[in-house]
Amino acid sequence: MQCNTQGFDAAATRACQDGHLREVLRKASTVFQAKRKAGFDTFPEAEAHCRRAREARARTLFRLPELLIELESKVTALGGRVHWATDAAEARAIIVGIADQANVRSVVKGKSMITEEIELNDALMTRGVEVWEADLGEFIIQLANEPPSHIIAPAIHKSRADVAQLFAEKLGETGVDIPELTLVARRFLRERFLAADMGVTGANMAVAATGSLLLLENEGNIRMATTCPKIHVAVMSLEKVVADLDDATAVLQVLPRSATGQKLSAYVSLLSGPRRAAEGDGANEFHLIILDNGRSRILADPLLREALLCVRCGACLNVCPVYRAIGGHSYGWVYPGPIGAILTPLLLPDERTDALFRACTTCGACAAVCPVGVDHPKLLLELRRRHAVTSGSGRASAAALAFAASRPGLFRAAAWVARTFDPDLKRLRRCPGMGRLARYAATRALPRLKTPFSRRWPVLAAALKKGCQNV
Amino acid sequence: MRVHLFIPCLVEDFFPEIGEATATVLARAGCALTYPEGQTCCGQPLYKLGQPDAAKKLARRWLELFADATTVVAPSGSCVAMVRRYARFFDAEPALQRRARALAANTYELSEFLVNKLQITDCGAAMPGRVAYHDSCQIGRALGIVHEPRALLSQVRGLELVELPRPAACCGFGGAFSLEFPEIAAAILEDKIADIEAVAPDLVTCAEVSCLMHIRAGLEKKGSRIRALHLAQILAGTAE
Numbered sequence: 002m003q004c005n006t007q008g009f010d011a012a013a014t015r016a017c018q019d020g021h022l023r024e025v026l027r028k029a030s031t032v033f034q035a036k037r038k039a040g041f042d043t044f045p046e047a048e049a050h051c052r053r054a055r056e057a058r059a060r061t062l063f064r065l066p067e068l069l070i071e072l073e074s075k076v077t078a079l080g081g082r083v084h085w086a087t088d089a090a091e092a093r094a095i096i097v098g099i100a101d102q103a104n105v106r107s108v109v110k111g112k113s114m115i116t117e118e119i120e121l122n123d124a125l126m127t128r129g130v131e132v133w134e135a136d137l138g139e140f141i142i143q144l145a146n147e148p149p150s151h152i153i154a155p156a157i158h159k160s161r162a163d164v165a166q167l168f169a170e171k172l173g174e175t176g177v178d179i180p181e182l183t184l185v186a187r188r189f190l191r192e193r194f195l196a197a198d199m200g201v202t203g204a205n206m207a208v209a210a211t212g213s214l215l216l217l218e219n220e221g222n223i224r225m226a227t228t229c230p231k232i233h234v235a236v237m238s239l240e241k242v243v244a245d246l247d248d249a250t251a252v253l254q255v256l257p258r259s260a261t262g263q264k265l266s267a268y269v270s271l272l273s274g275p276r277r278a279a280e281g282d283g284a285n286e287f288h289l290i291i292l293d294n295g296r297s298r299i300l301a302d303p304l305l306r307e308a309l310l311c312v313r314c315g316a317c318l319n320v321c322p323v324y325r326a327i328g329g330h331s332y333g334w335v336y337p338g339p340i341g342a343i344l345t346p347l348l349l350p351d352e353r354t355d356a357l358f359r360a361c362t363t364c365g366a367c368a369a370v371c372p373v374g375v376d377h378p379k380l381l382l383e384l385r386r387r388h389a390v391t392s393g394s395g396r397a398s399a400a401a402l403a404f405a406a407s408r409p410g411l412f413r414a415a416a417w418v419a420r421t422f423d424p425d426l427k428r429l430r431r432c433p434g435m436g437r438l439a440r441y442a443a444t445r446a447l448p449r450l451k452t453p454f455s456r457r458w459p460v461l462a463a464a465l466k467k468g469c470q471n472v
Numbered sequence: 005m006r007v008h009l010f011i012p013c014l015v016e017d018f019f020p021e022i023g024e025a026t027a028t029v030l031a032r033a034g035c036a037l038t039y040p041e042g043q044t045c046c047g048q049p050l051y052k053l054g055q056p057d058a059a060k061k062l063a064r065r066w067l068e069l070f071a072d073a074t075t076v077v078a079p080s081g082s083c084v085a086m087v088r089r090y091a092r093f094f095d096a097e098p099a100l101q102r103r104a105r106a107l108a109a110n111t112y113e114l115s116e117f118l119v120n121k122l123q124i125t126d127c128g129a130a131m132p133g134r135v136a137y138h139d140s141c142q143i144g145r146a147l148g149i150v151h152e153p154r155a156l157l158s159q160v161r162g163l164e165l166v167e168l169p170r171p172a173a174c175c176g177f178g179g180a181f182s183l184e185f186p187e188i189a190a191a192i193l194e195d196k197i198a199d200i201e202a203v204a205p206d207l208v209t210c211a212e213v214s215c216l217m218h219i220r221a222g223l224e225k226k227g228s229r230i231r232a233l234h235l236a237q238i239l240a241g242t243a244e
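Chains as they are written, first to last, in our numbering: chain A, 2 to 472; chain B, 5 to 244.
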């Protein structure tokens, strides 16, 4: 997906003035939060489970190189092929190479953020390969030619009516209610599943001890994409490995609950290598692409590596007030919301991404729901600190504020000047460089400067001493 | 008990009446008050802007201003949360770090101090009407103070406490955030105000001066009849 993070401010402003989008986002955030709450309210010892999941993820980060090597040897022993990709271009080249070699004409895909990250669809389509997204949400945004706007619900920004109209335009048949619309997509996709030469999926986890791939979904499309075509290509970012099935189980306890409130996703696939002689289904060829694309750099950063604990449940998006106001597209790249505001700057160090980590109220709702204990505000503040150091921006005004605030006389004098000449800040908001204050004031009454507390205190103190009952 | 008043900069110049209400409530609760002169800014905006070195200067200054204090109380959770972070600035100065830790443990948000430290829920206040309480992020989530303000409000004569649909949802202020991204902050505030209007209270209250400023600013601009007051103003019974 093309990076457009430098357009954040404009995109976000547009989005939060789009009444239709806001209504869709309000509903989605309410529904997702209610589902998660229901999932956790009926979950005995939820905190202990989250702690175990965090420990499992921490073990991954602690032993990452050896776990990946173990995973490679296990997958290879099962008859699969492992490919290492340093960056997105390498990953694309590997997958295109696999497709070329097997003369692949059509591909069906399971929902995956990682293939969005590496812009796989375009790479395949420019080679003349037909690519179909098989997850309903992904299918919708593929038809609309839009990027996903949510980690687990890529078409969350579209209402049912939007989808009905889109299907009518692009597929020539549509429906009114959700079962009807689903049936339209199902009929269209069923033929593509049966005709596909290759299935491409991401990975929720890869189990080092058994060489197994763990995939979660609710629609059965991943099950189809991994069993119908002769070739299955799975792409994983390297931190998705877990040590063993115990650790996979620990994550599995909290991931669907955090994402959708489900105890377990409708389909859990645990795939270990390609089809063996006695087996009735499964792909004949299995390829696992292990992608770095900047993760090893994050792993080497002790203050920020916590971001790699993330299991992509999307819970932080659903509670984020900023995400609820602006939606996923405003973030300008694959990963939106609080975790996106952290991952995008880390994965794209050469892009202008500072607006993402500045656009946060540090309300902490994200960290409060994260099942693996990522402390998003802490990481965002660290990104702000580094940006301030490297760009030098804000250093002069910070020093000026610290200087003035260290001299109460100066601080009081500045307030006196403002109070005397511009108590309602009417002049200030018209000053050059104060455009944002004027924009603030467009929907909010600015507060009025009053006789300060420090000047009132002597009178108050005397009154309180005389007998506080009379105050 | 001797209490040092911690008056945040927004209270000093924009909402001095909240400082007065806080002092009144504490005095009625039997506290002897000290107001350290020369208070300015606790450093929170600088810290949140990614300028911890500048914030550290103000942290050092705050610790000097409150050098004699054993107990500190503020009508703000975010400023208290900032003081509770001070110790991490002074890894290289163990004595100051110890002092910062000790004082952080004895620096309280007003409702937390009244309910948990003084064990007072009835401040003798009266305020007829329906009142909705907004859980400020830095009070509810950061400091874990959720039941204390409600316990205090439930003892106010004539006051009917109503719950907002999403009481802990952010109001969108976020300090410099609302000036850097005024439209996003406005959108978040719009949702908060819709929640407030949905329960039709006579007034909305919170224990955080910055959220109060933001919510009140939005209500005023809309010409809403719903008023916004700080918790201290309700407890002091000094509103209007």
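In this text, a Cβ means the ideal position worked out from N, Cα and C, and glycines have one as well.
Taking residue i and residue j to be in contact with their CB atoms under 8 Å, please state how far apart those CB atoms are, rounded to whole angstroms.
i: L114(B); j: P79(B); result: 5 Å
i: L14(B); j: S214(B); result: 6 Å
i: I290(A); j: V234(A); result: 7 Å
i: K112(A); j: T211(A); result: Not a contact, Cβ separation roughly 24 Å.
i: L183(B); j: L304(A); result: In fact, because the Cβ distance is near 27 Å, the residues do not count as touching under 8 Å.
i: L300(A); j: A249(A); result: Not really, about 20 Å apart at Cβ, beyond 8 Å.
i: R27(A); j: D195(B); result: 7 Å
Which same chain residues, not among the five before or five after residue i, have their C-beta less than 8 Å away from its C-beta?
i: Q470(A); result: Note that Q470(A) has pLDDT 46, beneath the 50 cutoff, so the model's placement of it is unreliable and the number below is only indicative. Excluding sequence neighbours, Q470(A) sits near nothing in its chain.
i: L182(A); result: R161, V164, A165, F168, T175 and G176
i: G226(A); result: Reading the sequence as shown, one finds Ala at residue 226(A) and not Gly. Hits under 8 Å: V109, K110, G111, A135, F194, A197, G200, V201, T202 and H233.
i: V203(B); result: R134, A136, V166, E167, L168 and P169
Please work out which residues of its chain come closer than 6 Å, Cβ to Cβ, to residue i, disregarding the five sequence neighbours upstream and downstream, and give them in chain order.
i: A186(A); result: L137 and F140
i: L256(A); result: V312 and C314
i: Q7(A); result: R353
i: E71(A); result: A209
i: A240(B); result: A25, T28 and V29
i: A267(A); result: N219
i: V84(B); result: A78, T111 and E113
i: L310(A); result: R58, V373 and V375
List, in chain order, every chain E residue whose beta-carbon is nearer than 7 Å to that of residue i.
i: F412(A); result: In the structure shown, chain E does not exist; the protein chains are A and B.
If we ignore side chains and look at the alpha-carbon of each, how far apart do residue i and residue j end up?
i: L246(A); j: A209(A); result: 9 Å
i: M131(B); j: L118(B); result: 18 Å
i: A59(B); j: F412(A); result: 16 Å
i: A73(B); j: R64(B); result: 14 Å
i: C17(A); j: P350(A); result: 27 Å
i: G281(A); j: A49(A); result: 40 Å
i: D126(B); j: R6(B); result: 20 Å
i: C361(A); j: T31(A); result: 20 Å
i: A204(A); j: R188(A); result: 26 Å
i: Y112(B); j: C321(A); result: 27 Å
i: T77(A); j: P275(A); result: 10 Å
i: S394(A); j: V160(B); result: 48 Å
i: A100(A); j: K264(A); result: 37 Å
i: T452(A); j: F422(A); result: 13 Å
Closer than 7 Å by C-beta to residue i: which residues in its own chain qualify, once you throw out the five before and the five after it? Chain order, please.
i: A91(B); result: Q101, A104, R105 and A108
i: G295(A); result: L347 and L348
i: L216(B); result: C210, A232 and H234
i: P205(B); result: R134, V135, A136, V166 and I230
i: V97(A); result: A124, L125 and R128
Quiz item: Along the region 217-242 of chain B, what residues have a CB closer than 9 Å to any CB found in chain A?
Solution: M217, H218, R220, A221, G222, L223, E224, K225, K226, A240 and T242
Quiz item: Any residues in the region 417-437 of chain A with a beta carbon nearer than 7 Å to a beta carbon of chain B? Which ones, in chain order?
Solution: R437
Exercise. Would you mind listing the beta strand (DSSP E) stretches within the region 214-297 of chain A that are 3+ residues and don't spill past its ends, in chain order?
Key: 232-238, 268-272 and 286-292
Quiz item: At what residue ranges does the region 163-243 of chain B contain a whole run of the alpha helix (DSSP H), taking only runs of 4 or more?
Solution: 180-184, 186-202, 213-226 and 235-240
Practice problem: Using a Cβ-Cβ cut-off of less than 7 Å, list which residues of the region 377-390 of chain A approach chain B; keep chain order. | Solution: L382, R385, R386, H388 and A389
Practice problem: Quick one: which residues of the region 349-367 of chain A get their C-beta closer than 9 Å to a C-beta of chain B? List them in chain order. | Solution: A356, F358, R359, A360, C361, T362, T363, C364, G365 and A366
Practice problem: Anything in the region 306-334 of chain A with a Cβ closer than 8 Å to a Cβ of chain B? List those residues in chain order, please. | Solution: P322, V323, R325, A326 and I327
Quiz item: If contact means a Cβ-Cβ distance below 8 Å, which residues of the region 23-42 of chain B contact chain A?
Solution: G23, E24, A27, T28, A31, R32, L37, Y39, E41 and G42
Practice problem: Closer than 8 Å, Cβ to Cβ, to anything on chain B: give me those residues from the region 13-40 of chain A, in chain order. | Solution: A13, T14, C17, Q18, R23 and R27
Quiz prompt | Residues of the region 93-119 of chain B with Cβ closer than 8 Å to any Cβ of chain A, in chain order | solution = none
Quiz item: Listed from N- to C-terminal order along the chain, which residues in the region 173-190 of chain B have their beta-carbon within a distance smaller than 9 Å of any beta-carbon of chain A?
Solution: A173, C174, C175, G176, F177, G178, G179, A180, F181, S182, L183, E184, F185, P186, E187, I188, A189 and A190
Quiz item: In the region 5-82 of chain B, which residue ranges form an unbroken beta strand (DSSP E) of at least 3 residues, counting only runs that do not cross its ends?
Solution: 6-9, 36-38 and 76-78
Quiz prompt | Contact set between the region 62-87 of chain B and chain A, restricted to residues whose Cβ is under 8 Å from the partner | solution = L62 and R65
Exercise. Quick one: which unbroken beta strand (DSSP E) runs of 3-plus residues sit fully inside the region 96-160 of chain A? Chain order, please.
Key: 107-110 and 131-134
Practice problem: Quick one: which residues of the region 441-455 of chain A get their C-beta closer than 9 Å to a C-beta of chain B? List them in chain order. | Solution: Y441, A442, A443, T444, R445, A446, L447, P448, R449, L450, K451, T452, P453, F454 and S455
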